[in-house]
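Presented below is the structure to which this report refers.
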């Protein structure tokens, strides 16, 4: 599949793929799935459950679904596709709650950034005849909540599915088609390898971003106001992913501990070497690294995973201070 | 000045501020100054010098100036404003070469990301009656070279000037007006403090970005192709500043060693604490940091230094793989 994935299927006149989609959790990803499933005519009905009454009411106000309940067991009744869109740490608990209400033959999946832990948490609760296939749409923004989602979030992004040896091929094909029709390219991967790859392309970048923003906030020699004013020199780029959902990211680090610590170890080792090069004035070592790193961006742009516009194509001209008081 | 800076002066019918602007170095910043000075009618004539004949020819092809020479001493003759736009490490050498050709009363400035070292390198070569005021327009993109510049690069960005006790107030006022008319807001700062602030808002972010891209490229357990494919999960953000000019950045780290090592020490200390929190499963410590970091981005957006659009307002829909072979 992976590299030879066919282009996203157009909505066109295709019949719906699932009769009832149950979304447990309705944040950025859950609400984007709701929009995408609707826009592309992939499901007939959407049932939504989430833990907070306030969030559920917002989802209803936004008309994201057809049925709403605070009880996840209720919304999975009669659903032929159930997608867990909660933080990774909540998956096991939800799986236990919905277990007895799942319809025979239903496909259950998730969207978590960690796959090994989710499989370990969820699989034991899955009744016979229900197909659990863990998944991860590699897409997002720095915004959270039911109002943050949009139908095109998954377009041209990869969605990783991590079936096991026992996975039913027909169920896998159907879930693959679901993501295809959401605009994604599907990649099949081993859960452990997913967790290692994503520790590098997602988890460590988030950790580093959170960390540098924390360091900047805590410096006593540089004021927050100065950090804000001169952030356009590089720092502001990091604040985007450091504005991501705290609960989601706490759970990612708690549930992908091994891979994260391994990759972080490599990052820190490399950083120590750079630090030493600076201390000893080794300009050649610095220049060597700084020239090598352009290549990866070139390839990311060539693969359609990034814009070639300077500064991400930010609307710099349109930026202007608001009236908000931001002094300290 | 700083916080009460008046809004950028409009080009309008104002007379030119300088008769002859000499730009030594014509990369992203030099060429953007040429465009901005022209667009805003700030100077009558622009003379350009750079070390490479090829780059100079490109500048001429782009019609960035009125006079061109490979000899910097030649272009500063008769110039009432000279701006060094070379990498920080080349400033002293250039200052020595142009010293005897500088016109009495001329203002000499620079655009380097480090100010203490530039002052130390340049000041000794300045003849009596010439006003040297170090400067740093805090603006840029990840692109380099004479073709990368554009007239609006400095709009709504800060430009730091670092005068000393001996600086002539009239010269400082005139240089401030120059940057005002380029669209910048001018901030006056002590050189040492500038170097500390920018180590946090610019130098360490670049170092971290270069480092993480290097780590990703060197992992033997994750292929470059996987890094590229799944980069939209966070990693791609870092590749932007890691695609910046290698020579410029080598010089920044060699010339701001002390502040960079100090700030990097703080970053690493904080990262060790985070690492420990992950190892020990301290979810509260992670959650605490991850909730604090949103605030700084909110302020950066409120100050007009960043867009509030999700994903920097990237044109995600417009991204598509090119035909280029990016396999490995």
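Chains as they are written, first to last, in our numbering: chain R, 20 to 347; chain Y, 20 to 347. The beta carbon of each residue, even a glycine, is placed where N, CA and C say it ideally should be.
Which residue comes first and which comes last in the beta strand (DSSP E) that contains residue i?
i: residue 154 of chain Y; result: 153 to 156
i: residue 179 of chain R; result: 177 to 181
i: residue 67 of chain Y; result: 62 to 68
i: residue 161 of chain R; result: Run containing residue 161 of chain R: none; DSSP gives neither H nor E here.
i: residue 136 of chain R; result: Taken as a continuous stretch (DSSP letters only), residue 136 of chain R belongs to no beta strand (DSSP E), being part of the alpha helix (DSSP H) at 135 to 141.
i: residue 88 of chain R; result: 86 to 88
i: residue 102 of chain R; result: 100 to 103
i: residue 128 of chain Y; result: 126 to 129
i: residue 217 of chain Y; result: Note, residue 217 of chain Y: premise wrong, no beta strand (DSSP E); alpha helix (DSSP H) at 210 to 217.
i: residue 117 of chain Y; result: It is not in any beta strand (DSSP E) - residue 117 of chain Y instead sits in the alpha helix (DSSP H) that spans 110 to 117.
i: residue 206 of chain R; result: 204 to 207
So residue i and residue j are supposed to be a Cβ contact under 8 Å. How far apart are they, rounded?
i: residue 162 of chain Y; j: residue 312 of chain R; result: About 14 Å; that fails the 8 Å criterion.
i: residue 215 of chain R; j: residue 241 of chain Y; result: 6 Å
i: residue 265 of chain R; j: residue 87 of chain Y; result: Wrong, their Cβ atoms sit about 54 Å apart, outside the cutoff.
i: residue 331 of chain Y; j: residue 331 of chain R; result: 4 Å
i: residue 282 of chain R; j: residue 219 of chain R; result: 5 Å
i: residue 130 of chain R; j: residue 43 of chain R; result: That pair is no contact at about 10 Å.
i: residue 325 of chain R; j: residue 263 of chain Y; result: Wrong, their Cβ atoms sit about 15 Å apart, outside the cutoff.
i: residue 195 of chain Y; j: residue 134 of chain Y; result: That belief does not hold up - the Cβ atoms of residue 195 of chain Y and residue 134 of chain Y are roughly 16 Å apart, past 8 Å.
i: residue 81 of chain Y; j: residue 166 of chain Y; result: 6 Å
Find out if the Cβ-Cβ distance for the pair residue i, residue j is shorter than 8 Å.
i: residue 319 of chain Y; j: residue 255 of chain R; result: yes
i: residue 103 of chain R; j: residue 110 of chain R; result: yes
i: residue 235 of chain Y; j: residue 315 of chain R; result: yes
i: residue 118 of chain Y; j: residue 153 of chain Y; result: no
i: residue 173 of chain R; j: residue 201 of chain R; result: yes
i: residue 149 of chain Y; j: residue 125 of chain Y; result: yes
i: residue 178 of chain R; j: residue 137 of chain R; result: no
i: residue 46 of chain R; j: residue 274 of chain R; result: no
i: residue 53 of chain Y; j: residue 83 of chain Y; result: yes
i: residue 132 of chain R; j: residue 217 of chain R; result: yes
i: residue 272 of chain R; j: residue 231 of chain Y; result: no
i: residue 269 of chain R; j: residue 300 of chain Y; result: no
i: residue 224 of chain Y; j: residue 48 of chain Y; result: no
i: residue 213 of chain Y; j: residue 279 of chain Y; result: no
i: residue 227 of chain R; j: residue 227 of chain Y; result: yes
What residue range is occupied by the uninterrupted alpha helix (DSSP H) comprising residue i?
i: residue 286 of chain Y; result: 276 to 298
i: residue 249 of chain R; result: Where residue 249 of chain R is concerned, there is no enclosing alpha helix (DSSP H), given that its DSSP letter is neither H nor E.
i: residue 309 of chain Y; result: 302 to 311
i: residue 200 of chain R; result: 188 to 200
i: residue 77 of chain Y; result: 72 to 80
i: residue 39 of chain Y; result: Segment 37 to 43 is the beta strand (DSSP E) holding residue 39 of chain Y; no alpha helix (DSSP H) there.
i: residue 49 of chain Y; result: 47 to 58
i: residue 226 of chain Y; result: 223 to 237
Using only alpha-carbon positions, find the residue among the options that is nearest to residue i.
i: residue 184 of chain R; options: R:198, R:262, R:209, R:60; result: R:209
i: residue 317 of chain R; options: Y:50, Y:268, Y:248; result: Y:248
i: residue 36 of chain R; options: R:199, R:69, R:267, R:207; result: R:199
i: residue 91 of chain Y; options: Y:176, Y:75, Y:330; result: Y:75
i: residue 105 of chain R; options: R:96, R:99, R:50, R:55; result: R:50
i: residue 39 of chain Y; options: Y:77, Y:73, Y:95; result: Y:95
i: residue 164 of chain R; options: R:329, R:321, R:71; result: R:71
i: residue 97 of chain Y; options: Y:151, Y:139, Y:66; result: Y:66
i: residue 68 of chain Y; options: Y:60, Y:77, Y:62; result: Y:77
i: residue 171 of chain R; options: R:158, R:207, R:146, R:195; result: R:158
i: residue 294 of chain R; options: Y:285, Y:299, Y:293, Y:79; result: Y:285
i: residue 322 of chain Y; options: R:79, R:139, R:290, R:245; result: R:245
i: residue 32 of chain Y; options: Y:61, Y:41, Y:140, Y:195; result: Y:61
i: residue 289 of chain R; options: Y:238, Y:167, Y:221, Y:140; result: Y:238
i: residue 93 of chain R; options: R:226, R:146, R:41; result: R:41
i: residue 140 of chain Y; options: Y:64, Y:116, Y:188; result: Y:116
i: residue 99 of chain R; options: R:333, R:123, R:304; result: R:123
i: residue 145 of chain R; options: R:186, R:304, R:160; result: R:186
i: residue 176 of chain R; options: R:63, R:188, R:304, R:203; result: R:203
i: residue 64 of chain Y; options: Y:192, Y:85, Y:276; result: Y:85
i: residue 334 of chain R; options: Y:112, Y:160, Y:56; result: Y:160
i: residue 55 of chain Y; options: Y:233, Y:291, Y:197; result: Y:197
i: residue 267 of chain Y; options: R:211, R:292, R:190, R:310; result: R:310
i: residue 211 of chain R; options: R:147, R:191, R:190, R:276; result: R:276
i: residue 292 of chain Y; options: R:233, R:34, R:191; result: R:233
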